[in-house]
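So the structure is just underneath, and the comments pick up after that.
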Amino acid sequence: MREPTAAVHVDATATLAGWEAPDPGQAAVREALLAYLAARPDACSRSCAAGHLTASALVVDDAGERALLTLHPRVGRWVQLGGHIEPTDTTLAGAALREASEESGIEGLVISPEPVHLDVHPVTCSLGVPTRHLDVRYLVRAPAGAREVRSEESVDLRWWPLAELPDDVAFGRALLLR
């Protein structure tokens, strides 16, 4: 399997260094991710067993009232779309948009220019061993009349009112307050 390019590592570092965190907690996560990127040239590769960056997308409808969530087969919970950085990805935003497009089947998605949230969580992903996902999350807007198509990566795919998002996706509710 090919590894992500150095370009995505450079982009991740620049993106996070330039990102203005909305609160002290998010600023602390940003600093931890920047330190990890500085220490690990393989931080964007899923083969990095100590943990690796991932890119997620909270897809909202054109009215900004609902978010599209996936029932993830491995974790068994409703979460935002997203996943691993692939060898073809050169930017974090590009990886998040690719994942959102693949997992939703929606064409014409538009991604925010910078992240909206960061998270670090333990997971057993495709490596088959416990690791950490250092998740960089973006807001993505679906075009009017968008119809989702469930991919093989999802057990189910459903639009949720923003006020009713599960706790795992609670950062989406916080976006409403901003």
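The opening position of the sequence shown corresponds to residue 6 in this note's numbering, with each subsequent residue numbered one higher.
Using N, Cα and C, we set each Cβ at its ideal position, and we do this for glycine too.
On a predicted model such as this, the values are computed, not experimentally measured, just so you know.
Check: What whole-angstrom Cβ distance do Leu42 and Ala48 have, given they're in contact under 8 Å?
Finding: Here residue 42 refers to the residue found at position 37 when the sequence shown is read from its first residue. Here residue 48 refers to the residue found at position 43 when the sequence shown is read from its first residue. Correct: roughly 5 Å between the Cβ atoms.
Next item on the list: Work out the CA separation of Glu112 and Gly30 for me, nearest whole Å.
Entry: Walking along the sequence shown from the start, residue 30 turns up at place 25. Walking along the sequence shown from the start, residue 112 turns up at place 107. In a straight line, the C-alpha of Gly30 is about 34 Å away from that of Glu112.
Item checked: Gln85 versus Ala68, Asp67, Ser106, residue with shortest Cα-Cα distance -> The count along the sequence shown starts at 1 and reaches residue 85 at position 80. Taking only the C-alpha atoms, the option nearest Gln85 is Ser106.
Check: If you draw a straight line from the alpha carbon of Arg45 to that of Ala54, how long is it in whole angstroms?
Finding: Here the question's residue 45 lines up with position 40 in the sequence shown. Here the question's residue 54 lines up with position 49 in the sequence shown. One C-alpha to the other measures close to 11 Å.
Notebook entry, point to check: What's the C-alpha gap between Thr18 and Pro120?
Noted result: Here residue 18 corresponds to residue number 13 of the sequence shown, with the count starting at 1. Here residue 120 corresponds to residue number 115 of the sequence shown, with the count starting at 1. Answer to the nearest angstrom: the Cα atoms are 12 Å apart.
Check: At which residue ranges does the segment 11 to 84 contain complete alpha helix (DSSP H) runs of 4 or more residues, listed in the order of the chain?
Finding: 11 to 23, 29 to 44
Next item on the list: Look at the alpha carbon of Ala72 and the alpha carbon of Leu167, and state the distance between them as a whole number of angstroms.
Entry: Working through the sequence shown from its first residue, we reach residue 72 at position 67. Working through the sequence shown from its first residue, we reach residue 167 at position 162. Looking at the two C-alpha atoms, the distance is approximately 6 Å.
Check: Between the C-alpha atoms of Glu8 and His57, what's the straight-line distance to the nearest angstrom?
Finding: Here residue 8 refers to the residue found at position 3 when the sequence shown is read from its first residue. Here residue 57 refers to the residue found at position 52 when the sequence shown is read from its first residue. Distance between the alpha carbons of Glu8 and His57 is about 12 Å.
Margin query: Residues in the same chain with beta-carbon distance under 6 Å from Val128, minus the five sequence neighbours each way, listed in chain order, please.
Written below: One-based indexing of the sequence shown puts residue 128 at position 123. His138.
Check: In this structure, does DSSP put Arg155 in helix, strand or coil?
Finding: Counting from one through the sequence shown, the residue named residue 155 turns up at place 150. Residue state, collapsed to three classes: coil.
Note to self: Residues in the same chain with beta-carbon distance under 6 Å from Ala100, minus the five sequence neighbours each way, listed in chain order, please.
What the structure shows: Locating residue 100 in the sequence shown gives position 95, where the first residue counts as 1. Answer for Ala100: Ala60, Ile90, Asp94, listed in chain order.
Checklist line | DSSP three-state assignment for Asp124, whether helix, strand or coil | finding: If you number the sequence shown from 1, residue 124 lands on position 119. Reduced to three states, the DSSP call for Asp124 is strand.
Note to self: In this structure, how does DSSP classify Gly113 when only helix, strand and coil are distinguished?
What the structure shows: Against the sequence shown, residue 113 aligns to sequence position 108. Coil at Gly113, not helix or strand.
Item checked: Under the three-state DSSP convention, the category Asp94 falls into -> In the sequence shown, residue 94 corresponds to position 89, counting from 1. Coil, per DSSP.
Next item on the list: Give me the Cα-Cα distance between Ala22 and His14, rounded to the nearest whole angstrom.
Entry: For the purposes of this step, residue 22 is taken as the residue at position 17 of the sequence shown. For the purposes of this step, residue 14 is taken as the residue at position 9 of the sequence shown. If you take the alpha carbons of Ala22 and His14, they lie about 12 Å apart.
Note to self: Which of the three DSSP states is assigned to Leu170 in this structure?
What the structure shows: Numbered from 1 along the sequence shown, position 165 holds the residue referred to as residue 170. Correct three-state label for Leu170: coil.
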